[in-house]
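Asks: Top line first, the protein sequences correspond to chains A and B.
Heads up: the first sequence begins at 1 in the numbering used here, then just goes up one per residue.
Heads up: the second sequence begins at 589 in the numbering used here, then just goes up one per residue.
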Amino acid sequence: MNNEVSSSPPSSPPVPERPYRELTVISVILGILIGSLMNAAFVYIALKLGFSLGGSTVAAIIGFGILKVSVDRASIIENNINQTIASGVNNASAGVVFTLPALFLMGADFSPWSAMLSAIAGTFLGIVIIIPLRKQMIEFERLRFPSGIAVASLLKSPGAGAQQAKLLGFGFALATLIHVSSELTGISEIDIGGILSIPSYFPIILGISFASIGAGMLAGGGGLPFVAGGVLAWWVISPLVSQLGWLPSADSLGLNADDTRVFSIQGQALYQAMLRPLGIGTLIGGAIAGVIASLPALKGALKSLSNAAQAGASGSSDELDANSLAIAAVSAFGLLFSAAVIASSQMSILECALIAVVGFLWLILAGLVVAQATGVTDISPLSGMSLIGVTLMYFLSGGDTVVAVILGVAVCVGIGQCADMMSDLKAGHLIGASPRKQQLAQLAFSWVGVPVAVGVLYLLWTPDGGGFGPGAASGLSAPQGDALQGILKGLASGDAPLDKYFVGAIIGLSLGVFPISGLGVLVGLAMYLPFSVTLTYAVGSMISIGLEKSKGRSWMGSNVVPFAAGMIIGEALTSITAVLIRLATGAT
Amino acid sequence: MSISHLKLMAGLMVAIGVGVCATFGAQLTPKTLHAVTVELAKSNQIPIQSTDRSVEIPSERVSAWWSMSAIPFCGGLLLILLGSGLARSAQTSALKNLSTESGTQSLSLQEGLELIINELTELQRLLDGEQRGPNLIETKQRLESLQMNTLEPLVDQRDRFRLQMGILSFVDVFGPFSQGERRLNRAWAACVDQHYGEVTTCVGLARSSFEQALQSQTSHT
Chain A
1 MNNEVSSSPP SSPPVPERPY RELTVISVIL GILIGSLMNA AFVYIALKLG
51 FSLGGSTVAA IIGFGILKVS VDRASIIENN INQTIASGVN NASAGVVFTL
101 PALFLMGADF SPWSAMLSAI AGTFLGIVII IPLRKQMIEF ERLRFPSGIA
151 VASLLKSPGA GAQQAKLLGF GFALATLIHV SSELTGISEI DIGGILSIPS
201 YFPIILGISF ASIGAGMLAG GGGLPFVAGG VLAWWVISPL VSQLGWLPSA
251 DSLGLNADDT RVFSIQGQAL YQAMLRPLGI GTLIGGAIAG VIASLPALKG
301 ALKSLSNAAQ AGASGSSDEL DANSLAIAAV SAFGLLFSAA VIASSQMSIL
351 ECALIAVVGF LWLILAGLVV AQATGVTDIS PLSGMSLIGV TLMYFLSGGD
401 TVVAVILGVA VCVGIGQCAD MMSDLKAGHL IGASPRKQQL AQLAFSWVGV
451 PVAVGVLYLL WTPDGGGFGP GAASGLSAPQ GDALQGILKG LASGDAPLDK
501 YFVGAIIGLS LGVFPISGLG VLVGLAMYLP FSVTLTYAVG SMISIGLEKS
551 KGRSWMGSNV VPFAAGMIIG EALTSITAVL IRLATGAT
Chain B
589 MSISHLKLMA GLMVAIGVGV CATFGAQLTP KTLHAVTVEL AKSNQIPIQS
639 TDRSVEIPSE RVSAWWSMSA IPFCGGLLLI LLGSGLARSA QTSALKNLST
689 ESGTQSLSLQ EGLELIINEL TELQRLLDGE QRGPNLIETK QRLESLQMNT
739 LEPLVDQRDR FRLQMGILSF VDVFGPFSQG ERRLNRAWAA CVDQHYGEVT
789 TCVGLARSSF EQALQSQTSH T
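(1) In chain order, what residues of the same chain lie with their CB nearer than 6 Å to the CB of Gly216(A), ignoring the 5 residues before and after it?
(2) For Thr84(A) and Ile406(A), what's the separation of their Cα atoms in angstroms?
(3) Check whether the Cβ atoms of Leu174(A) and Ile569(A) lie closer than 8 Å to each other.
(4) By alpha-carbon positions, which one of Ser655(B), Ala778(B), Arg748(B) ends up nearest to Lys728(B)?
(5) Determine the DSSP secondary structure at Asp191(A), reduced to helix, strand or coil.
(6) Taking Gly222(A) as part of the alpha helix (DSSP H), name the residues at either end of that continuous run.
(7) Alpha carbon to alpha carbon, how far is Val608(B) from Gly663(B)? Give it in angstroms, no decimals.
(8) Is it right to say Asp378(A) is buried, meaning 16 or more other beta carbons lie within 10 angstroms of its own, or is it exposed?
(9) Quick test of the definition: if touching needs 3 or more C-beta pairs under 8 Å, does the stretch 544-553 of chain A touch the stretch 203-214 of chain A?
(10) Excluding the five sequence neighbours on either side, which residues of its own chain have a C-beta within less than 6 Å of the C-beta of Phe612(B), listed in chain order?
(11) What span of residues does the alpha helix (DSSP H) with Gly161(A) cover, start to end?
(12) Going by Cα to Cα distance, which pick from Asn773(B), Arg746(B), Leu711(B) is closest to Val761(B)?
(13) DSSP three-state call for Leu683(B): helix, strand or coil?
(14) Determine the chain B residues that contact Asp318(A) at a beta-carbon separation under 9 Å, and present them in chain order.
(15) Alpha carbon to alpha carbon, what distance is there between Ala675(B) and Ser383(A)?
(16) What number of angstroms, rounded off, separates the C-alpha of Thr99(A) from the C-alpha of Gly481(A)?
(17) Residues of the stretch 781-805 of chain B with a CB closer than 8 Å to any CB of chain D: list them in chain order, please.
(18) Indicate whether at least one CB of chain B lies closer than 8 Å to the CB of Gln438(A).
(19) How many Å lie between Ser558(A) and Gln782(B) at the Cα?
(20) When you compare the CB of Arg553(A) with every CB in chain B, is at least one pair closer than 8 Å?
(21) What residues match up with Leu206(A) in a beta bridge as DSSP calls it?
(22) Roughly how many whole angstroms lie between the Cα atoms of Ala578(A) and Lys48(A)?
(23) Got a sec: which bits of the stretch 267-284 of chain A sit with their beta carbon under 7 Å from any beta carbon on chain B, in order along the chain?
(24) Let me see if you follow: with CB-CB separation under 8 Å, is Thr738(B) close to chain A or not?
(25) Along the chain, where does the alpha helix (DSSP H) that runs through Pro741(B) open and close?
(26) For Arg730(B), is the classification buried or exposed, using 16 other Cβ atoms within 10 angstroms of its Cβ as the cut-off for buried?
(27) Looking at Ala433(A) and Leu168(A), is the spacing between their C-beta atoms short of 8 Å?
(28) Output needed for Thr709(B): all residues of its chain with C-beta closer than 7 Å, excluding positions within five of it in sequence on either side, in chain order.
(29) Relative to the alpha-carbon of Val561(A), which residue among Gln163(A), Ile76(A), Met116(A) has its alpha-carbon at the smallest distance?
(30) CB-CB under 6 Å to Phe170(A), same chain, minus the five flanking residues each way: which ones, in chain order?
(31) Taking Cβ to Cβ, would you say Ala257(A) is nearer than 8 Å to Leu125(A)?
(32) Which residue wins for smallest C-alpha separation from Leu573(A), given the options Tyr394(A), Ile26(A), Ala59(A)?
(33) Would you please state the rounded distance, in angstroms, between the beta carbons of Leu616(B) and Met274(A)? I believe it to be under 8 Å.
(34) Closest by CA to Ile288(A), which one among Trp362(A), Ala322(A), Asp318(A)?
(35) Should the stretch 226-245 of chain A be called in touch with the stretch 520-527 of chain A, which here means at least 3 C-beta pairs below 8 Å?
(36) Between Thr727(B) and chain A, is the shortest Cβ-Cβ distance under 8 Å, so that the two count as touching?
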């Protein structure tokens, strides 16, 4: 790398006298614009297809191009601020679109303002609660945050040397090629077990995702507990449960024992009714254990925030100070409480306050889970955590669906902000951005995404004959909202897998004693996810471990990191492009 | 028994414990299994006679599960806890052995920090002494070399430092250490952006951070 750099001319252009550009007006405006555009597009995509897309890398690339063209001396960290704001603004799209349509589909009567207040509260709370954990997760535990590393690699590419740029480009091209092939052929995974006629309760399925392989490569040996959890769940527990006869039998289904539909239903029962809720419980228990284990280090983080408050107006501190965070948290809590009051027609003020407190506490715990899981694997169990949040709200509100979903919006948006803020801070750490300015930027502007997401949702969800507001959403299936609606109906009939959550939480808590940080969260995540995701990630992890053994640590840093980052960026951009083409052409 | 055997045994105990706990934790009550069967048959469009999808209320579900699976589940839990305790003990022994063998683990952190500070002092001297502009490429190369050869090896040993120093001392040392590292990253970015003033400032600030880390490290040993 150094050779390429030294081949440049030995002198530099005239020295700029202006301050080093970081939190500038153009980076803020650009961040809001890019974030709002992505937000609107991703709301539409999520309503149509049922999934959302990460926006950090897209924001970094667009910002990179525009800043370079429009600003004479745009800096790397200025683009980081632009990307931080854009991804924060975009983040509200997933939180809003996964929850609110459930109320539309149920034909519930509610005020859009309560949803707006709740989502804004979630935005602020998510950022505020995760900031004190920056030191613990990024500086002490050194969680990888593969997307954060990918964004940092992208931002650093102008100075990283030709060799690293080539590797980034090669990773990008490879992931793009594979993803395009996957899109064109419609093959998204390879069922090796099926080819070898291995029973489906012992799955060997590889997802065709070079982004997952890239995330595994960036995590290296750190991802092994996650892989081990997946192996345990799918290659040990799954066959055992099947052999013990605890799955729906062919007899009970009225089918022949060799009917392939029996295996399919058994697989669905195992995942949906057993491993997934058990995984959610383990995630929660693991997060609680993590909080307990991190208490001494958290004291250090709080000391740092307190120092920041003392540094005060000088602005010299690394962190947003404790006083500012407290004010933001109290204000956001006020918004959440107001949302509960507006949404509820039957609850007393005291009950509204109680439900807002529980929502706030759940957001803290779920935010920790999601940040920890994203930090190691780049995979976020957002929907599971949001689901538990809605379930909690549902029971606390005495079965009030509107209150449950409205406060669920805050939880869902807030959890997303936790993971996004931490990933941005990781990228910031790697390029030397000021955490304080990143935190300030995200806190000050991310809320803009809420009116954009809610507005687009109302705009698209047009009643018959056109107009603005809930009605029959022609062509928009809102799969996530539909799923949430189904779960709410299940809750109404008393169907909540509380036993699995409870048991999982005990397993997660007990794993907190093992001397590997975050083990419970990783094992829980492995149970929560389909095995094809874990196995693909494992491939990347194994490649990384093998390469590190043979080539050494420094080779990994200068070769594998840009290559893997390129794969993550390549697949993210290709996915977005493919979805947009599909929507534009009406193709399936 | 060697430490690696202890670690292996601990890992196996935990894996078996999690396996037992999760297997028995996954068991559904007969009523829930029936409801799941009916639900999945319906969603897969398989006609079955029973349409009863009722389940126990959540609290009853917990107690019904407990009465079926409590004993094996608690056995698994015990294995997890014993295995975790054994793993902790093996880790502590490994650390003690390592310290006895080399006898210089805390010094190596100190040496590393001193090396970084010396390099940054030299770099700052060069930056202050030179005409503005011509040495940013060399500065960038020296920062990359410092990152790769000194900072990263220290970061890789952080778990050992944490065990040796205790969590509070570790936080006191690694807080300013990470701050210094971030400031060096910023100096690198400023080199690429050719902003001489920021490079000079960041190198100076980074040196202060590492000096603070060294001071904390010295006071704790």
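Where a beta carbon is used, it is the ideal one built from N, C-alpha and C, also for glycine.
None of these values were measured; they are calculated from a predicted model.
Replies: Looking at the atomic coordinates:
(1) Gly223, Tyr537, Gly540, Ser541
(2) 26 Å
(3) no
(4) Ala778(B)
(5) strand
(6) From DSSP, Gly222(A) is part of no alpha helix (DSSP H); its letter is neither H nor E.
(7) 8 Å
(8) buried
(9) no
(10) Ser657, Pro660, Phe661
(11) Segment: none, Gly161(A) is in no alpha helix (DSSP H) and carries neither H nor E.
(12) Arg746(B)
(13) helix
(14) Gln767, Arg770
(15) 34 Å
(16) 6 Å
(17) Here the protein chains are A and B, and chain D is not one of them.
(18) no
(19) 22 Å
(20) yes
(21) Ile190(A)
(22) 14 Å
(23) Gln268, Ala269, Ala273, Met274, Leu275, Leu278
(24) no
(25) 740-744
(26) buried
(27) no
(28) Arg795
(29) Gln163(A)
(30) none
(31) no
(32) Ala59(A)
(33) 7 Å
(34) Trp362(A)
(35) yes
(36) no
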